[in-house]
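Per the UniProt record's numbering, the sequence shown runs over residues 1 to 402. Notes to accompany the following structure.
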Amino acid sequence: FQRNSEHRRLSNNMTKVEFETSEEVDVTPTFDTMGLREDLLRGIYAYGFEKPSAIQQRAIKQIIKGRDVIAQSQSGTGKTATFCISVLQCLDIQVRETQALILAPTRELAGQIQKVLLALGDFMNVQCHSCIGGTNVGEDIRKLDYGQHVVAGTPGRVFDMIRRRSLRTRAIKMLVLDEADEMLNKGFKEQIYDVYRYLPPATQVVLISATLPHEILEMTNKFMTDPIRILVKRDELTLEGIKQFFVAVEREEWKFDTLCDLYDTLTITQAVIFCNTKRKVDWLTEKMREANFTVSSMHGDMPQKERDSIMKEFRSGASRVLISTDVWARGLDVPQVSLIINYDLPNNRELYIHRYPFAPMCHGRFQDSLYRSLSSSGTSHPHGNMTAVALGNTVLKLEELF
């Protein structure tokens, strides 16, 4: 199971020292100089990319060389396109077998990865299937029997398909673990290990994680050979081009009236309202409807079919306001959203950035959006293009977020 673990161990010092980018990592400033296939380059430019982001400049060439890669990177850095471009470059399209497997922590993120792969590979005739729980097993089996170059999915359903022998692993060359820390937080560790046991011994592993706790390093020890390390630093992450406002509200019970005032005052194309808990989503949805506002809501306890239906309505514009937990934020791209309201501020900066995943990814295609955060207290903050109003004493929390 550990596959020659003595050769697959990172230095134990990694748990004690700051994670840094490997010295041998070069910066490749343009997509044209990465040695990518012509039909993939066409897809990249058609998708709207012009210049690679920091992580793309460093990671793509290392991955297509066949190196195992650990990238410490949050949403908003271009990480999804990084591994999607790398996967597409390494495919043999003539072979209709699964050659790359991508695991993600949520169904929504797995679905978004599939969409990015299909869009970037639009000129390659690539087959890609999203293999996620809560959907029809028979449909998964049918799609996999047809032949898929890439499978993106959640660990539980992917392992189920492998165990049923519907997902054949003999041709898999690359395993991507996206948001590995989040998968561990959701209790997927054993399922990831189960999937890994079925992969060919020489499988290349690419691991993307916002943080690198001990459990992640333990996983890299078991899965990876002499991995390249790439760090996109926290302070490099920005929400450039986004107007951010902080509306201070002294008491929790005053938030709802403030939200209603905003709703009445602003011209909203489409909006997402984030709450920190499923209970708060249900409560706020009921309150908004009682006040004669038309809203839809979504959180992780809803059946997948219902979540898909709500998202379909929202993408089509039939629904204008969506109230959600952070399940919506993981990798979804709805560029017509013009307003994000944080009814609850998240607990850390990474979660805050996760709530705006579509803004940095779309480069020039995304127009300036207005972001408003509602909180029980706040502090003025002079940096960036955000305006903050102080009424409370949570200076530390806001500085961590902004």
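Backbone N, C-alpha and C define an ideal beta-carbon position, used for all residues, glycine too. Predicted model, so just to flag it, every value in this text is computed and none were measured.
- Spanning the alpha carbons of F314 and I60 requires a straight line of approximately 33 Å.
- When C-alpha distances from T169 are compared across D140, L101, M34, L259, the shortest belongs to L101.
- Just so you know, the alpha carbons of R197 and E23 end up roughly 31 Å apart.
- When only Cα atoms are considered, V95 and V151 end up about 14 Å apart.
- Taking the Cα positions, Q191 is about 43 Å away from A248.
- Excluding the 5 residues flanking it on each side, G300 has same chain C-beta neighbours closer than 6 Å at V327, in chain order.
- Cβ neighbours of E215 within its own chain (closer than 6 Å, five residues either side excluded): L184.
- The closest CA to that of Q270, considering only G317, H149, L117, Q72, is found on G317.
- With contacts defined by Cβ atoms closer than 8 Å, N125 and I85 do not form a contacting pair.
- Taking a 10 Å sphere around the C-beta of V205, we find 16 or more other C-beta atoms and assign the residue as buried.
- Cβ atoms of V232 and T77 come within 8 Å of each other, at about 5 Å.
- Around the CB of P201, fewer than 16 other CB atoms lie within 10 Å, so the residue is classed as exposed.
- The criterion of a C-beta distance shorter than 8 Å is not satisfied by L118 and C131.
- In this structure, I208 sits away from L175, with a CB-CB distance that is not shorter than 8 Å.
- Of all alpha-carbon atoms in M302, E139, T30, G121, the one lying nearest the alpha-carbon of H149 is that of G121.
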